[in-house]
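One structure is given below, encoded as structure tokens.
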Amino acid sequence: MPSQEVLNWLRTRFFPHIWCPGCGHGIIMHALLRALVDLGKKKEETVIASGIGCSSRMPGYIDACTLHTTHGRSLAFATGVKLANPELTVIDVMGDGDCTAIGGNHFIHACRRNIDITAIVMNNNIYGMTGGQASPTTPVGAYATTAPYGVLDVPFDICKLAAGAGASYVARATVAHPLLIEKYVRNAVSKKGFAVVEVVTHCHTQFGRKNKRPRPIDNINFFKDNSVMNNKASNMTLEELQGKIVIGEFVNIELPEYIEQYKNLIEEVGGNRG
Amino acid sequence: MAKFVVDVNEKWCKGCGLCVAICPKKVLEFNERVKSEPVRIDDCIGCHQCENICPDFAITVKEAKPNA
Ligand SMILES: Cc1ncc(C[n+]2csc(CCOP(=O)(O)OP(=O)(O)O)c2C)c(N)n1
Ligand code: SF4
Ligand code: SF4
Ligand code: SF4
Ligand SMILES: [Mg+2]
Numbered sequence: 720m721p722s723q724e725v726l727n728w729l730r731t732r733f734f735p736h737i738w739c740p741g742c743g744h745g746i747i748m749h750a751l752l753r754a755l756v757d758l759g760k761k762k763e764e765t766v767i768a769s770g771i772g773c774s775s776r777m778p779g780y781i782d783a784c785t786l787h788t789t790h791g792r793s794l795a796f797a798t799g800v801k802l803a804n805p806e807l808t809v810i811d812v813m814g815d816g817d818c819t820a821i822g823g824n825h826f827i828h829a830c831r832r833n834i835d836i837t838a839i840v841m842n843n844n845i846y847g848m849t850g851g852q853a854s855p856t857t858p859v860g861a862y863a864t865t866a867p868y869g870v871l872d873v874p875f876d877i878c879k880l881a882a883g884a885g886a887s888y889v890a891r892a893t894v895a896h897p898l899l900i901e902k903y904v905r906n907a908v909s910k911k912g913f914a915v916v917e918v919v920t921h922c923h924t925q926f927g928r929k930n931k932r933p934r935p936i937d938n939i940n941f942f943k944d945n946s947v948m949n950n951k952a953s954n955m956t957l958e959e960l961q962g963k964i965v966i967g968e969f970v971n972i973e974l975p976e977y978i979e980q981y982k983n984l985i986e987e988v989g990g991n992r993g
Numbered sequence: 135m136a137k138f139v140v141d142v143n144e145k146w147c148k149g150c151g152l153c154v155a156i157c158p159k160k161v162l163e164f165n166e167r168v169k170s171e172p173v174r175i176d177d178c179i180g181c182h183q184c185e186n187i188c189p190d191f192a193i194t195v196k197e198a199k200p201n202a
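Okay, here's the thing in structure tokens:
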């Protein structure tokens with residue numbers, strides 16, 4: 720319950736929240752709110768959208784203009800909100816399943832469209848809410864209820880996916896680095912264009928239990944021990960990077976933003992139809 | 135005298151243990167209700183790591199006011 724300013728952004732009547740004791744999603748919500756306070760954002764001008772999943776319950780707890788939509792489709796809703804009222808700050812919070820499985824198509828196209836929205840992807844490598852099914856980011860060999868002998872499919876690298884699809888800001892932190900999450904969210908929200916912050920987090924209940932990290936702290940320690948900053952990682956071999964989580968800012972570039980282009984187009988071809 | 139105050143909101147604390155484990159000075163322990171409690175507040179260095187790792191917004195670290 721940090722500073723009063725952060726508390727002011729909570730719908731305290733719903734607390735304690737529904738997430739399991741120690742769930743990483745709360746650490747991310749906390750960092751997001753510190754970033755918004757730091758940026759001087761106003762609740763009535765800030766939209767937080769989500770899809771479905773444990774992670775997607777976040778907007779219910781935030782006292783801003785919030786939108787809890789359908790599984791994987793939140794970026795479509797967020798895009799509509801932003802186009803209708805470009806003055807708003809729009810943040811879309813998603814889980815790994817929400818973003819890269821059912822919502823994968825929306826995600827890559829939002830990246831290439833480069834609309835001024837911030838996407839925060841809470842990657843806990845599993846479908847937490849529905850009982851621990853493997854997601855597109857479950858590591859090879861890890862156990863899930865749908866992979867009792869270990870996963871065979873090679874996982875997506877969400878940051879590479881976003882960079883390849885054309886996002887103008889892409890960064891990754893883990894819940895073991897709350898101040899880094901806060902910093903990257905600040906940069907992402909300030910970015911004019913589509914910005915993606917992947918936060919590697921844990922679902923000790925569904926993933927950790929089956930993969931030798933049953934307690935919340937086991938996961939924090941795992942992230943601390945296995946994270947490498949990208950400047951250091953660039954001097955490491957593929958072999959050395961096996962099993963490591965590369966964190967840092969990967970993309971931070973200026974690209975034409977969608978709404979500006981849209982406005983320009985209307986000015987050019989709209990107008991006088993007499 | 136302790137330089138910092140560490141407030142725990144017991145209504146929100148779920149006893150996950152993250153703050154207890156993360157504190158570099160071992161200031162925090164579980165009490166009999168399995169809630170986090172500062173037991174060595176004089177050792178607190180005000181680093182806010184417990185506050186920032188708490189998924190439940192249950193910890194606040196403040197500077198102690200002299201004579202308060
Ligand atoms: C159209 C549709 N398909 C499937 C579901 C079931 N469902 C709910 S949440 C979820 C996965 C959530 O995983 P993730 O986005 O990673 O969130 P987490 O719970 O791990 O935070 C699924 C498959 C649904 N609600 N709607
Ligand atoms: S099931 Fe997993 S993701 Fe969902 S609240 Fe519990 S720990 Fe968090
Ligand atoms: S981190 Fe928060 S919820 Fe967990 S034990 Fe500490 S105060 Fe309680
Ligand atoms: S502020 Fe730092 S030293 Fe003080 S209790 Fe919290 S983690 Fe420990
Ligand atoms: Mg998930």
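Protein chains in written order, with my numbering: chain A, 720 to 993; chain B, 135 to 202. Glycine is no exception: its CB is placed at the ideal position from the N, C-alpha and C atoms.
Practice prompt. Taking only beta-carbon positions, decide if glycine 772 of chain A is within less than 8 Å of chain B.
Written response: no
Worksheet item: Since asparagine 971 of chain A sits in a beta bridge, which residues does DSSP pair it with?
Response: A/Tyr888
Discussion item. Please confirm whether alanine 198 of chain B has its beta-carbon closer than 8 Å to some beta-carbon of chain A.
Written reply: no
Worksheet item: Of all the CB atoms in chain A, is at least one closer than 8 Å to the CB of isoleucine 187 of chain B?
Response: yes
Item to complete: Can you give me the Cβ contacts of isoleucine 827 of chain A inside the same chain, cut-off strictly under 6 Å, excluding the 5 residues immediately before and after it?
Response: Ala884
Worksheet item: Hey, is leucine 152 of chain B close to ligand 4, as in C-beta under 7 Å from one of its heavy atoms?
Response: no
Worksheet item: In three-state DSSP terms, what is alanine 783 of chain A?
Response: coil
Fill in: Candidates A/His790, A/Ala750, A/Ile966: closest to alanine 952 of chain A by CA position
A/Ile966
Item to complete: Would you mind sorting aspartate 872 of chain A into buried or exposed? The rule is 16 or more other CB atoms within 10 Å of its CB.
Response: exposed
Fill in: Under 9 Å (Cβ pairs) to chain A, residues found in the region 143 to 156 of chain B
Asn143, Lys145, Trp146, Cys147, Lys148, Gly149, Cys150, Gly151, Leu152, Val154, Ala155, Ile156
Discussion item. Spatial neighbours of valine 137 of chain B within its chain, please: C-beta separation below 6 Å, excluding the five flanking residues on both sides.
Written reply: Going by the sequence as given, residue 137 of chain B is lysine instead of valine. Answer for lysine 137 of chain B: Ala198, listed in chain order.
Worksheet entry | Under 8 Å between C-beta atoms of cysteine 188 of chain B and cysteine 153 of chain B | yes
Worksheet item: Just to confirm, does glutamine 697 of chain A get its C-beta within under 7 Å of one of the non-hydrogen atoms of ligand 2?
Response: Any answer about residue 697 of chain A is impossible in this case: the structure gives chain A only from 720 up to 993.
Discussion item. On a Cα-Cα basis, can you pick out the residue from A/Met813, A/Gly927, A/Gly814, A/Ala797 that is closest to leucine 807 of chain A?
Written reply: A/Ala797
Fill in: Interface residues of chain B facing phenylalanine 734 of chain A [CB-CB closer than 7 Å]
Trp146
Item to complete: State the start and end residues of the unbroken alpha helix (DSSP H) segment that holds glutamate 901 of chain A.
Response: 897 to 909
Discussion item. At the 8 Å Cβ level, is phenylalanine 191 of chain B part of the contact set with chain A, yes or no?
Written reply: yes
Discussion item. Classify alanine 803 of chain A: buried if its beta carbon has 16 or more other beta carbons within 10 angstroms, exposed otherwise.
Written reply: exposed
Worksheet item: Going by beta carbon distance, what residues of the same chain come within less than 7 Å of glycine 927 of chain A, once the five residues before and after it are set aside?
Response: His921, Pro933, Asp937, Asn938
Practice prompt. Please list, in chain order, all residues of the same chain as glycine 850 of chain A whose beta carbon is under 6 Å from its beta carbon, the five residues on each side excluded.
Written response: Thr864
Item to complete: State the DSSP-derived secondary structure class of threonine 194 of chain B, mapped to helix, strand or coil.
Response: strand
Worksheet item: To the nearest angstrom, how far is it from the Cα of serine 793 of chain A to the Cα of glycine 770 of chain A?
Response: 5 Å
Worksheet item: In terms of alpha-carbon separation, which member of A/Leu786, A/Ser946, A/Leu960, A/Pro975 lies closest to methionine 813 of chain A?
Response: A/Leu786
Practice prompt. Report, in whole angstroms, the separation of the C-beta atoms of glycine 180 of chain B and valine 168 of chain B, which I expect to be a contact under 8 Å.
Written response: That pair is no contact at about 25 Å.
Worksheet item: For glutamine 852 of chain A, which beta-bridge partners are listed by DSSP?
Response: A/Tyr846
Worksheet item: Would the beta-carbon of lysine 188 of chain B be found less than 7 Å away from any heavy atom of ligand 5?
Response: The sequence given here places cysteine at residue 188 of chain B; lysine does not occur at that position. No, since every heavy atom of ligand 5 falls outside the 7 Å radius drawn around the Cβ of cysteine 188 of chain B.
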